[in-house]
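Numbering (the numbering used here), first residue to last: 582 to 735.
Ideal Cβ placement from N, Cα and C applies to all residues, glycine included.
Working notes, structure below.
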DNA sequence: GCCAACGTTGGC
DNA sequence: GCCAACGTTGGC
């Protein structure tokens, strides 16, 4: 099983909304590198839910991949901000996954904290200039994040 | 195929 | 609101 991190601006889609929805289609990703990661996801993979562009950016919770290789429907919808006129149903360009809500952490694991803890490690989030909205998280790092939340989240 | 211009992301 | 980093576009 693999671990991932997905970013969302809470004003656009928050962990609270995710909790209410129970499942969500991770649509609107229009970056090839991010799409490739979405396509690499397998059933049961865990995804850290990250709030970006907010007062305290950081990991706020956890989701699980519940459906893979989903064709992002927004690419065909001219009304959608994610409409892509160059994509066609015959050869769709953008794929995504469905996520099911797992939990919200007791407190935000802030970007500042993550940078400090995983400085220099193989974790795209803490590297300079990274703007990817979907990225892999090495298992060792994922385990550390999960473990510290199990202890502090009680 | 190069690269300048432009747009977007996202931390601060 | 600023701006660095980076992706994309389009002229040539």
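The count of Cβ pairs closer than 8 Å, one atom from the region 629 to 640 and one from the region 584 to 599, reaches three, so the stretches are in contact. The closest CA to that of residue 647, considering only 687, 629, 682, 656, is found on 682.
The distance from the Cβ of residue 649 to that of residue 623 is about 6 Å, consistent with a contact at the 8 Å cut-off. Counting the other CB atoms within 10 Å of its CB gives residue 677 a total of 16 or more, which places it among the buried residues. Residue ranges of uninterrupted beta strand (DSSP E) with 3 or more members, entirely inside the region 640 to 728 and ordered along the chain, are 676 to 691, 715 to 717.
Its Cα nearest to that of residue 637, the residue 688 stands out among 688, 710, 725.
Between residue 625 and residue 596, the gap from beta carbon to beta carbon reaches 8 Å or more. DSSP places residue 586 in the strand class (E or B) of the three-state scheme.
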